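One structure is given below, encoded as structure tokens.
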Amino acid sequence: MLTVSAGLTAAQRARSKHPAISLRLSQSRFSVPILEFSLIASGAEPDCPIASVPVESGYVFSVRNNAGALEWRENQFSAWTTSPAIDTVTAGQGFALAVLPGAGILLAYGNGNDLKAALFSGVSWSSAGTLASEASAIGSVAMAWRTASDGCVFYTLGTSSTLKRLRLGSPSTPVTWSKTGLVASITGLSVVLRDDYYLIVTGTEATTNNPRVWAVAMGDTNRPTNAWSGLVTVQEADAAASVAFSAPHAVDVQPTGAAEPVAFVTFVTDYSGNVPYTRPFLTHSLPGSDLTGQWREPYPAMLDTGEVSGASLAFYSDGSGTDAVYLITPTYDFEAIILPPADLSPRVLRASARITPTTLGLTVELEGVTPDNLEASNIYANLKVGHDLALSPGYLVAGTAEYGVTIPANIQRLTFRFDPPSGKRLLVVEASGPWEALGRYHQPQAWASSAMTRGEVFARLAGRAGIAIAADGALTPSAAWSDTITFAIGFGENARATLLRLLNPTPDMLRINAAGQFSICGLEFGLSPPAGNVADYGWPADSADPNALLSASFVASHEANWFRVTGADRYADAFLIDDEGIDPDSYPSLTPNIHHIRDLDIDSNTEATEAAAFAMRRSRAALVVAEAVVPANVAHELFDVIRLDVDPAPNTSGSYRILELGIDFRRGPASEAPAYLSTFGLGRV
Amino acid sequence: MQIRGIVTAFDVGTHTATVRLDGSAPQVLGSVPTSRGIASGDMATGRRVVVDTGDHNHPADFVVTAVWG
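As they're listed, the protein sequences go chains A and B. Under the numbering used here, the residues of the first sequence are numbered 82 to 766, in order. Under the numbering used here, the residues of the second sequence are numbered 35 to 103, in order.
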């Protein structure tokens with residue numbers, strides 16, 4: 082149960098109350114910014130490697146390696162300065178740009194066996210200095226600076242597995258990373274600086290030569306200084322797949338008001354099989370984790386297939402609402418402006434939300450949506466299928482709106498209605514949640530694992546669809562998420578069906594947090610709910626705890642009573658009649674009603690017996706046996722426990738768990754009689 | 035679910051195949067159990083196969099049921 086202020090609690094219990102509805106529209110998908118790139122400049126320039134940094138709103142400084150000539154331009158609209166070039170190096174040799182706070186823009190680059198650097202002051206380039214000298218040619222280069230005296234350059238020796246870090250700002254010598262033995266070759270590097278350094282590395286894996294895009298962290302603040310994390314796969318292929326990855330570019334994107342940054346990465350995929358292509362792909366990390374967490378399934382960036390040398394990324398924010406990401410190649414310059422959220426609250430005529438453990442539906446009707454005012458208020462640009470829509474029901478508390486639970490959804494359908502006789506315009510927005518997004522996602526390539534836990538496999542598959550998952554802070558997940566499982570998935574399999582299959586052998590359920598992401602909730606079925614987590618609804622209302630009850634209904638229906646789990650070389654049954662927790666007066670029908678689960682990871686009698694018991698608990702707990710309608714209670718979340726003190730049938734008074742949560746708002750009178758109600762679909766505790 | 039694919043390798047000892055499923059150009063699936071009704075010699079690299087996934091996402095439930103080509 083959400084903790085809300087005493088004022089809001091009192092307001093929603095009062096006999097006379099004033100609803101408040103917040104409806105916010107954001108240019109994001111489950112809290113990840115949506116980058117809608119528009120072409121803002123282009124020119125007939127050769128395709129070649131490029132690096133870019135933002136200098137001010139709308140302007141990006143770039144350097145390119147044009148067949149060995151390091152050339153630069155001040156912004157997308159200025160000409161490349163080709164003579165004199167900054168330096169002359171080997172064609173394709175690596176380089177990196179970074180803003181050096183308070184000093185200018187630093188270029189680090191390989192020149193033969195030397196790692197060099199030159200500073201652009203805003204007017205001209207300094208003479209290049211040598212940072213390090215190696216016995217073989219410098220390959221890829223990446224660089225980031227925290228302050229003008231605290232930074233790090235990373236570079237490789239050719240395309241070998243040797244990656245070195247060179248801390249700058251104080252005398253330092255290059256040190257080789259600890260992952261050389263895991264890697265066969267490195268074709269590209271990029272780095273993002275947060276608390277630690279996060280590198281994106283393209284190359285091939287040792288022994289297998291499988292192509293990979295990896296993320297890896299090097300400690301600077303949170304992790305031990307200079308310690309390397311494990312390699313996390315961002316994208317993968319097998320050695321015989323005729324695929325190669327290269328030219329990664331990474332940038333952190335944190336628009337104004339966003340709680341945390343999300344890293345976006347481009348890299349080039351070169352496929353040389355039948356119907357070959359070479360083009361940059363775009364992916365991103367997920368909120369709630371750093372770059373060593375899950376990654377979205379990469380998708381082609383908005384470029385044609387001629388950009389074989391990669392596309393650099395830059396992010397600019399003035400911190401007060403002007404936010405944009407730039408996708409830069411020598412030929413094309415794209416800009417994705419990230420608009421501030423739009424407030425649709427005053428336009429809401431009706432809102433209706435329904436949430437269950439595996440579905441989310443939200444429908445709102447908006448008035449006053451003429452083309453003119455949509456354009457003027459920036460709403461129209463934000464009102465698109467795929468954008469986030471968050472409904473927060475609340476009440477006026479001493480004249481100020483306070484809100485309770487947030488129902489995060491993602492727009493899936495827009496209907497603009499026009500009524501000619503009255504001239505009225507109405508917009509109906511339908512939105513859904515992560516389970517529906519998973520239903521639209523199909524696995525683009527086969528994948529298998531035999532060394533990951535159920536939780537890691539679940540997080541990986543959900544992450545590819547852009548959905549993050551975390552343990553709930555209050556309802557601790559069961560140990561089933563820590564089981565190592567053997568897993569395989571073929572091309573085209575549906576993510577929703579696959580994840581439900583992974584969820585079924587656990588006694589846990591998922592709910593959706595305010596950011597639109599999954600939260601694993603361990604429901605200790607049969608145990609008393611935590612103190613303070615119970616709201617009491619009765620008739621007549623209890624004067625000491627006056628939560629009104631508008632209607633209550635109790636339903637009896639067929640349900641499964643025999644649960645069979647087939648594991649490796651064994652099976653186990655659980656029968657409802659054997660459950661000591663079952664009230665002898667309420668045994669379900671003795672007609673066998675079997676539910677079957679097959680899980681070959683279950684390879685002991687104990688596990689099989691436990692899994693059958695889990696299946697029975699889940700089935701019992703997931704069945705909706707009652708429904709209650711009350712004045713809107715904005716503090717309730719899925720899986721809260723409430724008490725119903727009414728007895729239209731024997732034994733109906735008692736505690737129930739919220740399995741379906743509905744909110745209905747009608748402003749009235751234009752949208753029929755006003756209403757503001759919560760509807761609870763209730764299951765057993 | 036039945037998916038078609040191409041044999042990229044076959045382990046005679048375990049009678050399992052490595053298969054590149056149609057549509058999954060970048061990634062093969064390894065250690066796929068193969069019907070004992072299919073002779074090892076028939077599982078030549080490049081031959082076409084049908085894989086029944088069993089719909090349980092467990093590799094031991096996958097099976098190559100037919101080979102041709």
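The C-beta atom is built at its ideal place from N, Cα and C for all residues, glycine as well. Bear in mind that the values here come from a model prediction, so they are computed numbers and not experimental data.
Cross-strand partners of residue i (DSSP beta bridge)
i, result
"B:F96", "Paired residue(s): none; B:F96 is not in a bridge."
"A:N192", "A:D195"
"A:C233", "A:A225 and A:R248"
"A:P100", "A:Y476"
"B:G88", "DSSP lists no partner for B:G88."
"B:V62", "In DSSP, B:V62 forms no bridge with anything."
"A:D623", "A:D626"
"A:C129", "A:C129 is not bridged to any residue."
"A:V509", "A:E446 and A:T496"
"A:R154", "A:S143"
"A:V346", "A:A331 and A:T364"
Identity of the residue in the options nearest residue i by Cα
i, options, result
"A:P114", "A:P336, A:R227 and A:T90", "A:P336"
"A:N674", "A:A655, A:D660, A:I658 and A:W643", "A:W643"
"A:N575", "B:A51, B:D89, B:R38 and B:W102", "B:D89"
"A:M697", "A:A166, A:L742 and A:E640", "A:E640"
"A:P558", "A:A320, A:E517, A:Y757 and A:P588", "A:P588"
"A:H365", "A:T359, A:G544 and A:N463", "A:G544"
"A:L447", "A:Y652, A:S390, A:T437 and A:R506", "A:R506"
"A:T211", "A:A189, A:R582, A:E152 and A:G220", "A:A189"
"B:A94", "A:L681, A:W161 and A:F201", "A:L681"
"A:V710", "A:T672, A:P750 and A:A756", "A:A756"
"A:A692", "A:R293, A:F656 and A:F720", "A:F656"
"A:V282", "A:N307, A:S241 and A:Q598", "A:S241"
"A:V334", "A:I744, A:Q108 and A:Y618", "A:Q108"
"A:A767", "A:A653, A:A730 and A:A707", "Outside the displayed span of chain A (82 to 766) sits residue 767 of chain A, for which this structure offers no information."
"A:S112", "A:L372, A:A532, A:A560 and A:I548", "A:I548"
"A:F396", "A:F118, A:I739, A:T169 and A:S736", "A:F118"
Other residues of its chain near residue i: CB distance less than 7 angstroms, five sequence neighbours each side excluded
i, result
"A:A512", "L443, L470, A490, N491, I492 and Q493"
"A:G402", "T337 and P421"
"A:L542", "A576, T579 and L580"
"A:A223", "A177, F235, L270, S271, V272 and L280"
"A:E155", "F142"
"A:V264", "S242, G284, E286 and A287"
Buried or exposed by the 16-neighbour rule on C-beta atoms within 10 Å, applied to residue i
i, result
"A:F158", "exposed"
"A:Y413", "buried"
"A:H330", "buried"
"A:Y407", "buried"
"A:D623", "exposed"
"A:Y358", "exposed"
"A:W516", "buried"
"A:A322", "buried"
"A:P474", "buried"
"A:P127", "exposed"
"A:G597", "buried"
"A:I723", "buried"
"A:I121", "exposed"
Cutoff 6 angstroms; reference residue i; Cβ partners in own chain excluding five residues on either side
i, result
"A:S259", "W309"
"B:M35", "T87 and D89"
"B:A43", "T52"
"B:W102", "R82"
"A:L608", "Confidence at A:L608 is low in this model, with a pLDDT of 47, below 50, so its placement is unreliable and the value that follows should be read with caution. If we look at A:L608 and ignore the five residues flanking it on each side, it has no Cβ neighbours."
"A:A612", "With a pLDDT of 49 at A:A612, under the threshold of 50, the predicted position of this residue should be treated as unreliable, and no value is reported."
"B:A100", "V84"
Cutoff 8 angstroms; reference residue i; Cβ partners in own chain excluding five residues on either side
i, result
"A:G88", "V478, A479 and E483"
"A:T162", "E152, W153 and R154"
"A:H468", "L106, S107, Q108, S109, R110, I115, N491 and I492"
"A:N291", "T285, E317, A318, D319 and A320"
Original post:
What residues in the segment 555 to 585 of chain A have a beta carbon less than 9 angstroms from any beta carbon of chain B?
Top reply: Listed by position along the chain: I566, T567, F568, A569, I570, G571, F572, G573, E574, A578, T579, R582 and L583.
Original post:
Of all the residues that make up the segment 341 to 369 of chain A, which are near chain B by a beta-carbon distance shorter than 8 angstroms?
Top reply: Y352 and G354
**OP:** Select from the segment 312 to 337 of chain A all residues with a C-beta closer than 9 angstroms to any C-beta belonging to chain B, and list them in chain order.
**Re:** Q316, E317, A318, D319, A321, A322, S323 and V324
Original post:
What residues from the segment 678 to 693 of chain A come within 8 angstroms of chain B, judged by C-beta to C-beta, listed N to C?
Top reply: R679, D680, L681 and D682
**OP:** Determine which residues of the segment 502 to 535 of chain A have a Cβ less than 9 angstroms from any Cβ of chain B, and write them out in chain order.
**Re:** Cβ contacts with chain B come from Q524, P525, Q526, A527, W528, A529 and S531.
**OP:** Note down, in chain order, all residues in the segment 58 to 79 of chain B with a beta-carbon under 9 angstroms from any beta-carbon belonging to chain A.
**Re:** S58, A59, P60, Q61, V62, L63, G64, S65 and V66
**OP:** Check each residue of the segment 76 to 100 of chain B: if its Cβ is closer than 9 angstroms to any Cβ of chain A, include it; give the result in chain order.
**Re:** V85, T87, G88, D89, H90, N91, H92, P93, A94, D95 and F96
Original post:
Taking any Cβ of chain A, which residues in the segment 35 to 48 of chain B have a Cβ under 8 angstroms from it, in chain order?
Top reply: M35, I37 and T42
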